Amino acid sequence: MTIRLKLADLVAATLELPVEQVHDRLSSDTSESWDSVHHLMLILAVEDAFGIHFDEAELLSLTNFRDLLATVETRAAR
Amino acid sequence: MASSAIHFCTERDLPELMERFADWYRHNPRLQERAYFDWQFRDGPTRLADAEYDFLILRNAADEITGCLGFAGFEFRVGDEVRLGGWTHNWMAPQQGDAGLALLWRFMELVENRFLLRLNEKSGAVVKLLRVPMLGTMPRWWAAIDAELVTAHFNIHQQEDRQHLTQSAEAFRRAIGDDEVHRLDCFATEDEFDLGRFGGATGLARRTGRYLNWRYRDIPNHNYQFLRTETGVGVYRLEQVIGTDVSVIRLLEWTFDDRETRSALATVLADTATQNPVLIDFHTTFAPLGDMLRRCGFVPQSMTATPMPDLFRPTFHSGGYAVAIDLPPHRQARSVAFDKWYITAGDSDIDRVKL
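Protein sequence lines correspond, in order, to chains A and B.
The opening position of the first sequence corresponds to residue 1 in the numbering used here, with each subsequent residue numbered one higher.
The opening position of the second sequence corresponds to residue 79 in the numbering used here, with each subsequent residue numbered one higher.
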């Protein structure tokens, strides 16, 4: 499974969305379910699933799928 | 977040902000007062932001205020160190997506040692996800001054509960000393009171004279009374039970030892006798103080099957968590021994109606 697919599954499960609705433009601005609590749940789920750790500054900036994916792919490649 | 903006509150924001407060905090009239806001977020002894107010405002794309987060700085002792900390007030961002988290982050950027007070279910969930140790309920100790009147006014009728009330009142009466302690109008700025006599607390906000004067003397529309000995301090207020002719004595600070407590309680009773107090209580996390008060007739809140009422006037508390302590290293699972910290309900009990 690619990182993109694995991350899309995580986002869909956390935000309670159909996975088809998870795309690059999905963000906290475009999704009502992407609120503070779900954002943190998502970040923690991503950290657990990919074995990575975001610092406090990253926590807040990763509020769209595209940036989240890019960051995870970079970290996973290390 | 792209459509929202966060900035520090200025004088110009206050009319609109007070309009929002009238809606958000309609049950807490103190929070809608300009004087109270100035005292809390502008005039504190330890400011955190280089701004007019220690208060963040969230605006939407239409430039309307849609959320806020206030905070107060303070010095606290943890172990042998004095550190700078900040506690939050008025964290509000209803239906604003992840903007509530953005407000919290701006606060977290300002201070490493964070104390989050009175969290509701939503804000508590956010803090819990950050793995911040939280205390659900602030421990409370109370003593019956007049068991019969407590029974009558607070509807505590079970036989076993009434026995506890009677025993508490008898033990409390026996604990009252013959002498009294000093009353004062304000504290010397450089004074500092600690809990060394109890073996020390793991952590506490520094109870300096400067801090205590701001917290209890300068606060608008409140009326606290001060007591002290050479090394101990007491602060209390009297709260009328609405619709009755009786009152409750509420201790806000209490660092007296056994002997001093007996004299201090005699002082409190002498000064409040005309107000017909029937109950006295103290909210604190610090277990050794609770143990000491137990020897003076106080009992823990859990003592009675029918809970002793805690609110005696119209006010609103949303419940949730009492306090969360977020010290470095952040976002790591850890625990805090809250019973070794000296935290009192007075730290956040500032929105009540003046008596």
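Backbone N, C-alpha and C define an ideal beta-carbon position, used for all residues, glycine too.
Only a predicted model underlies this, so the values are computations on that prediction, with no experimental measurement involved.
> Nearest to residue 162 of chain B by CA position, among B:88, B:384, B:99, B:282, is which residue?
Replying inline: On the second sequence, residue 162 of chain B is found 84 positions in, with the first residue counted as 1. Nearest option by C-alpha distance: B:282.
>> Please classify residue 160 of chain B as buried or exposed, where buried requires at least 16 neighbouring CB atoms within 10 angstroms.
In response: Numbered from 1 along the second sequence, position 82 holds the residue referred to as residue 160 of chain B. When all chains shown are included, residue 160 of chain B counts as exposed.
> Apart from the five residues on each side of it in sequence, which residues of its chain come closer than 7 Å, Cβ to Cβ, to residue 410 of chain B?
Replying inline: Residue mapping note: residue 410 of chain B aligns to position 332 of the second sequence, counting from 1. Within the same chain, residue 410 of chain B has close Cβ partners 209.
> Can you tell me whether DSSP reads residue 195 of chain B as helix, strand or coil?
Replying inline: Here residue 195 of chain B corresponds to residue number 117 of the second sequence, with the count starting at 1. Assigned with DSSP and collapsed to three states, residue 195 of chain B falls in strand.
> Under the DSSP definition of a beta bridge, which residues are partnered with residue 318 of chain B?
Replying inline: Here the question's residue 318 of chain B lines up with position 240 in the second sequence. Residue 318 of chain B is bridged by DSSP to B:325.
> Between residue 186 of chain B and chain C, is there a C-beta pair that is closer than 8 Å?
Replying inline: The chain inventory of the structure shown lacks chain C, comprising the protein chains A and B.
> Any C-beta of chain A sitting closer than 8 Å to the C-beta of residue 321 of chain B?
Replying inline: Walking along the second sequence from the start, residue 321 of chain B turns up at place 243. Residue 321 of chain B does not count as touching chain A.
>> Could you compute how far the alpha carbon of residue 69 of chain A sits from the alpha carbon of residue 4 of chain A?
In response: Locating residue 69 of chain A in the first sequence gives position 69, counting from the first residue. Locating residue 4 of chain A in the first sequence gives position 4, counting from the first residue. When rounded, the distance between both Cα atoms is 7 Å.
>> Any beta carbon from chain A within less than 8 Å of residue 200 of chain B's own beta carbon?
In response: Taking the second sequence and counting its residues from 1, one reaches residue 200 of chain B at position 122. At least one chain A Cβ lies under 8 Å of residue 200 of chain B.
>> Measuring alpha carbon to alpha carbon, tell me which residue in B:404, B:420, B:385 is nearest residue 191 of chain B.
In response: Position 113 of the second sequence, counting from 1, holds the residue named residue 191 of chain B. Checking every option, the nearest Cα to that of residue 191 of chain B belongs to B:404.
> Is the region 217-235 of chain B touching the region 301-310 of chain B in the sense that three or more CB pairs, one from each, lie closer than 8 Å?
Replying inline: Judged by Cβ distances under 8 Å, the region 301-310 of chain B makes no contact with the region 217-235 of chain B, as fewer than three pairs qualify.
>> Pairs of beta-carbons, one from the region 128-135 of chain B and one from the region 86-106 of chain B, closer than 8 Å: are there three or more?
In response: Touching, per the Cβ criterion.
> Pick from B:196, B:150, B:260, B:226: whose alpha carbon is nearest that of residue 338 of chain B?
Replying inline: Numbered from its first residue, the second sequence carries residue 338 of chain B at position 260. Checking every option, the nearest Cα to that of residue 338 of chain B belongs to B:260.
>> Quick check: is the beta carbon of residue 63 of chain A nearer than 8 Å to any beta carbon in chain B?
In response: The residue you call residue 63 of chain A lines up with position 63 of the first sequence. True, the Cβ-Cβ gap to chain B drops below 8 Å.
> Along chain A, in chain order, which residues have C-beta atoms closer than 8 Å to that of residue 167 of chain B?
Replying inline: Walking along the second sequence from the start, residue 167 of chain B turns up at place 89. The premise fails here: residue 167 of chain B is roughly 18 Å from chain A at the closest Cβ pair, so nothing lies under 8 Å.
> Among B:289, B:100, B:83, which residue has its Cα nearest to the Cα of residue 111 of chain B?
Replying inline: Here residue 111 of chain B refers to the residue found at position 33 when the second sequence is read from its first residue. Comparing Cα positions, the closest option is B:100.
>> At a CB distance below 7 Å, what residues from the region 23-42 of chain A approach chain B? Give them in sequence order.
In response: So the list reads 28, 29, 34, 35, 36, 37, 39, 40, 41, given in the order they occur along the chain.
>> I'd like to check one pair, residue 205 of chain B with residue 402 of chain B: are the Cβ atoms closer than 8 Å?
In response: Stepping through the second sequence from its first residue, residue 402 of chain B is reached at position 324. Stepping through the second sequence from its first residue, residue 205 of chain B is reached at position 127. Cβ distance < 8 Å, so residue 402 of chain B and residue 205 of chain B count as in contact.
> What in chain A is Cβ-close to residue 183 of chain B, meaning under 8 Å?
Replying inline: Translated into positions along the second sequence, residue 183 of chain B becomes position 105. Those within 8 Å of residue 183 of chain B in chain A are 56, 59, 60.
> DSSP state of residue 234 of chain B, grouped into three classes?
Replying inline: Position 156 of the second sequence, counted from the first residue, corresponds to residue 234 of chain B. Under the three-state reduction of DSSP output, residue 234 of chain B falls in the coil class, being neither helix nor strand.
> By how many angstroms is the C-alpha of residue 26 of chain A removed from the C-alpha of residue 20 of chain A?
Replying inline: The sequence position of residue 20 of chain A within the first sequence is 20, counting from 1. The sequence position of residue 26 of chain A within the first sequence is 26, counting from 1. Rounded to the nearest angstrom, the two C-alpha atoms are 11 Å apart.
>> Here's the rule: buried if 16 or more other CB atoms are within 10 angstroms of the residue's CB, otherwise exposed. What is residue 330 of chain B?
In response: To locate residue 330 of chain B, count along the second sequence from 1; it is residue 252. It is buried - the Cβ of residue 330 of chain B has at least 16 other Cβ atoms within 10 Å.
>> Alpha carbons only, please: which of B:241, B:105, B:146, B:271 is nearest the one belonging to residue 94 of chain B?
In response: By one-based count along the second sequence, residue 94 of chain B stands at place 16. The candidate whose alpha carbon is nearest that of residue 94 of chain B is B:146.
> For the putative contact between residue 361 of chain B and residue 217 of chain B, defined by C-beta atoms under 8 Å, what is the C-beta separation to the nearest angstrom?
Replying inline: Within the second sequence, residue 361 of chain B is the residue found at index 283, counting from 1. Within the second sequence, residue 217 of chain B is the residue found at index 139, counting from 1. Indeed, because the Cβ distance is near 7 Å, the residues count as touching under 8 Å.
> Taking the C-alpha atoms as reference points, what is the distance between residue 116 of chain B and residue 108 of chain B?
Replying inline: Position 38 of the second sequence holds residue 116 of chain B. Position 30 of the second sequence holds residue 108 of chain B. Rounded to the nearest angstrom, the two C-alpha atoms are 12 Å apart.
>> In the DSSP output, which residue or residues are listed as bridge partners for residue 262 of chain B?
In response: Against the second sequence, residue 262 of chain B aligns to sequence position 184. Beta-bridge pairing links residue 262 of chain B to B:304.
>> For a test of the three-state rule: what should DSSP assign to residue 253 of chain B, helix, strand or coil?
In response: Within the second sequence, residue 253 of chain B is the residue found at index 175, counting from 1. Helix.
> Are the region 285-298 of chain B and the region 370-390 of chain B touching by the rule of at least three beta carbon pairs closer than 8 Å?
Replying inline: no
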